[in-house]
Ligand code: PGA
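Residue numbers (the working numbering): 1 to 278.
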């Protein structure tokens, strides 16, 4: 009986989504820079100057995630240079506080005016971050009012064996189990094989997974899922961002390498709304 109800609900949600085709421009579009372990204060200053000079008007679509050591000065710089660029961290700890040498808590990020935090990046998963830890980190972020950017994605072996959707769905279900505040969630689909390799997913490959993610989200969060941005990440560059951003379920990007060069990053940001205007 329960299964029957579940399948009817799934069908109704699918139909509504298909018919309504929740317009892409009703969702927030954004580009997040993941600087990883790069940049110095001097370089960050130059980057911000170039970015703001090039297109201050677009910066409400932009979030920068510098290394921890740059969060404080970046916050000060952003207060001076831009009212709209968001600030995010690349990680946080699962605990509220305590004896965790070298770790940073959600409250510490909040104190530095961070609004976003990346959770479950594949480079952290490779260093031992489990689905359970990702889940705890999302809870810590939400408790304090941070927007978690939740990364999911399959390895090349998992893709070749045809498990992409299973892997991504599993990561999402584990991450969001029991969560009921969906308004702050941002999802980033980042195929592991595309990160830092120069080999981006094709627009169709990415769109297929984004569509599957949207369906899974609709099962987890109901209609709240329609407004949830799903970003693509993995070798996004100025020359592939335009075509990727035209896809129906791609709402922006999480950018590593190309976010270190202001001009490239600005070009990627600039591709965002073009597809929708036409
Ligand atoms: P990349 O990294 O753009 O250098 O592939 C993306 C990411 O790791 O978020």
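Where a beta carbon is used, it is the ideal one built from N, C-alpha and C, also for glycine.
- Residue 120 has its Cβ no nearer than 7 Å to any heavy atom of the ligand PGA.
- In the pairwise beta carbon analysis, the region 216-223 is classified as not touching the region 250-260: fewer than three pairs are separated by under 8 Å.
- Relative to the ligand PGA, even the nearest heavy atom lies 7 Å or more away from the CB of residue 92.
- Residue 136 and residue 61 have their C-alpha atoms some 27 Å from each other.
- In the DSSP secondary-structure assignment, residue 33 is bridged to 64, 255.
- Judged by DSSP secondary structure, residue 118 falls within the beta strand (DSSP E) whose first and last residues are 116-119.
- For the beta strand (DSSP E) assignment, the uninterrupted runs of no fewer than 3 residues enclosed by the region 220-272 are, from N- to C-terminal side, 230-233, 252-255.
- If you check the CB distance, residue 251 and residue 24 come in under 8 Å.
- DSSP, read as helix, strand or coil, puts residue 48 in helix.
- In the DSSP assignment, the residues bridged to residue 188 are 151, 231.
- Inclusion of residue 106 and residue 146 in the CB contact set at 8 Å is warranted, their separation being smaller than that value.
- DSSP lists 64 as the bridge partner or partners of residue 87.
- If you look at residue 131, you'll find it in the alpha helix (DSSP H) that goes 131-144.
- Sequence-distant partners of residue 77 (beyond 5 residues in either direction) whose C-beta falls short of 6 Å from its own C-beta, in its chain, are 48.
- Around the C-beta of residue 199, fewer than 16 other C-beta atoms lie within 10 Å, and the residue is accordingly described as exposed.
- Within 10 angstroms of the beta-carbon of residue 239 lie fewer than 16 other beta-carbons, which makes it exposed.
- Using a cutoff of 7 Å, the CB of residue 258 counts as near the ligand PGA, since one of the ligand's heavy atoms is closer than that.
- It is roughly 33 Å from the alpha-carbon of residue 154 to the alpha-carbon of residue 72.
- For residue 122, the enclosing alpha helix (DSSP H) stretches over residues 122-126.
- 119 is the residue among 119, 26, 255 whose C-alpha sits nearest the C-alpha of residue 176.
- Between the ligand PGA and the CB of residue 154, the shortest heavy atom gap is not smaller than 7 Å.
- Taking the CA atoms as reference points, residue 27 sits about 11 Å from residue 231.
- Relative to the Cα of residue 116, the nearest Cα in the group 99, 100, 138 belongs to 138.
- With a 10 Å radius around the Cβ and a threshold of 16 neighbouring Cβ atoms, residue 93 comes out buried.
- Around the Cβ of residue 181, a 10 Å sphere holds fewer than 16 other Cβ atoms; the residue is exposed.
- In this structure residue 272 does not touch residue 63 by the C-beta definition: roughly 13 Å separates them, more than the 8 Å allowed.
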